[in-house]
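Heads up: the structure comes next, in structure tokens.
The following block contains the structure:
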């Protein structure tokens, strides 16, 4: 493993209220010097939840995604609040976005989205043993909840509005976990 | 499918040389008004390549990732240049980062990374029938090339420096594609 570069200086380049952009001056172990920019997310990170309504039914949501300016089919997700633990955040986001709470919550993986450019972690959580319970969210319009059969796994991957890498990965991770449980 | 919100105004909030941040004023079909910020990537997007050295060996790279300030194990990736097609970009990035070119290149999927906040597409490409050929890249230090057995799939997912959602997803997609080819 190479020796990490030394951070010679770091400064806030921009703070837009949503995005915090930082510039860092680095010296690599071979003497090369570079200046990189990165987006620095919250220390708490985010959760993405795979809600399992029954053993063969997942819940997805369809909502407007401003980054790509279109409606996107994806798993519920959101930022973790300060002082909130990962599983509580997952349970809260699910209640806000799908109207279900979970009695069972399990961390499947913690991933980065673009480690070269963004400091950010997303925790992928499998939620099961659901019951109806809604929390008010801050969404501008009602979110469409879309039940999807796990057996229609391939068709979901082919949906033109199911583009998000994290949601696609979460689908594979959930399927693997459920298959291994069946084998146990 | 709900009617997409109307974009009432859009303006560049910040242009850092690396990140272009835009602010958009939206009116949803129910009359709700919101202002969102987003990072706008290049229209060309990026490629992420899964190089298949032989039927059971993948090539990964380990390089410094400034966003998370640590060395990361991931598949080779990079921006598509203006006028370059997806498969040519994949073949170029692979030559710059691994020292191999491919005779066979196949698009597996095109994904978004954070559609709520970022306009960006990554094209995931499977590369096979490799031969040694290096192109000079612009990396600050030599990139470590890490061969990995496809049969050690599970161990790769458990590596603490293999955190990137796109790379993890690409691993699942490549495995599925290779399994379906074996079945054919």
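Residue numbers (full-length UniProt numbering), protein chains in the order written: chain A, 1 to 184; chain B, 1 to 184.
Glycine included, every Cβ here is placed at the ideal spot set by N, Cα and C.
Report the neighbours of residue i on chain B: residues whose CB is nearer than 7 Å to its CB, in chain order.
i, result
"residue 36 of chain A", "66"
"residue 118 of chain A", "67"
From residue i to residue j, what distance separates their C-alpha atoms?
i, j, result
"residue 55 of chain A", "residue 59 of chain B", "36 Å"
"residue 134 of chain B", "residue 92 of chain B", "9 Å"
"residue 20 of chain B", "residue 40 of chain B", "5 Å"
"residue 61 of chain B", "residue 71 of chain B", "10 Å"
"residue 182 of chain A", "residue 97 of chain A", "29 Å"
"residue 57 of chain A", "residue 123 of chain A", "21 Å"
"residue 118 of chain A", "residue 65 of chain A", "19 Å"
"residue 81 of chain B", "residue 48 of chain B", "14 Å"
"residue 172 of chain B", "residue 38 of chain B", "29 Å"
"residue 94 of chain A", "residue 140 of chain B", "43 Å"
"residue 79 of chain B", "residue 46 of chain B", "4 Å"
"residue 114 of chain A", "residue 36 of chain A", "14 Å"
"residue 151 of chain A", "residue 23 of chain A", "46 Å"
"residue 8 of chain B", "residue 63 of chain A", "19 Å"
"residue 153 of chain A", "residue 83 of chain A", "35 Å"
"residue 146 of chain B", "residue 68 of chain B", "20 Å"
"residue 90 of chain B", "residue 166 of chain A", "21 Å"
"residue 130 of chain B", "residue 50 of chain B", "11 Å"
"residue 42 of chain B", "residue 104 of chain A", "41 Å"
"residue 168 of chain B", "residue 162 of chain B", "8 Å"
"residue 33 of chain A", "residue 25 of chain A", "7 Å"
"residue 178 of chain B", "residue 53 of chain B", "13 Å"
Counting along the chain, where does the beta strand (DSSP E) carrying residue i start and finish?
i, result
"residue 22 of chain B", "20-27"
Mapping the DSSP letters down to three states, classify residue i as helix, strand or coil.
i, result
"residue 3 of chain B", "coil"
"residue 182 of chain A", "helix"
Along chain B, which residues have their Cβ under 9 Å away from the Cβ of residue i?
i, result
"residue 21 of chain A", "14, 16, 18, 19, 21"
Just the chain A side, please: which residues come within less than 8 Å of residue i by C-beta, in chain order?
i, result
"residue 32 of chain B", "140, 141"
"residue 61 of chain B", "Neighbours of residue 61 of chain B on chain A: none; closest Cβ ~12 Å, over 8 Å."
"residue 39 of chain B", "19, 39, 67"
Is there at least one Cβ from chain D nearer than 8 Å to residue i's Cβ?
i, result
"residue 113 of chain A", "Absent from the structure: chain D. Protein chains present are A and B."
Name, please, each residue of chain B whose Cβ falls closer than 8 Å to the Cβ of residue i.
i, result
"residue 47 of chain A", "Near residue 47 of chain A there are no residues of chain B at all, since even the closest Cβ is about 13 Å away, more than 8 Å."
"residue 182 of chain A", "Neighbours of residue 182 of chain A on chain B: none; closest Cβ ~17 Å, over 8 Å."
"residue 126 of chain A", "The premise fails here: residue 126 of chain A is roughly 15 Å from chain B at the closest Cβ pair, so nothing lies under 8 Å."
Residues of chain A with CB under 7 Å from residue i, in chain order?
i, result
"residue 166 of chain B", "165"
"residue 187 of chain B", "Nothing in the structure corresponds to residue 187 of chain B, since chain B is present only between 1 and 184."
- Task: Taking only runs that begin and end inside the UniProt domain "Nudix hydrolase" (39-173) of chain A, name each unbroken alpha helix (DSSP H) of 4 or more residues, in chain order.
- Result: 86-98, 153-157
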